[in-house]
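Quick note: the sequence shown uses this note's numbering, first residue 249, plus one each step.
Just below is one structure, and these are the notes that go with it.
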Amino acid sequence: MKKFIHKVKSRFHSVAVAVQTVVTTKKAEGYVDSGVKILIAVVIGALLLAGLYTLFNTNILPTLTTKITNLFNYAGK
């Protein structure tokens, strides 16, 4: 019985140390950092697309504009 109690105590102690380690660990990666990275990626992508659009100075996908126009001009017949 003493061995069982000793095992339980040691297991509880190791779990407590693991939990304490996780709680006290401070990492730089967090929700705010990830959000900023995503926003930067979106802004850079939009700037790239805008730059390509102005570079070619024309519709890159001309059929896409007609399809979108037809999609929103649905008469409901």
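Where is the CB? At the ideal position from N, CA and C, for every residue including glycine.
Heavy atom of the ligand NAD within 7 Å of residue i beta-carbon
{"i": "K250", "result": "Only the bare structure without any ligand can be found here, which leaves the ligand NAD out of the picture."}
Where residue i falls: helix, strand or coil (DSSP)
{"i": "N321", "result": "coil"}
{"i": "T273", "result": "coil"}
Rounded separation between residue i and residue j - CA only
{"i": "L300", "j": "V265", "result": "55 Å"}
{"i": "P310", "j": "L319", "result": "15 Å"}
{"i": "A289", "j": "V271", "result": "31 Å"}
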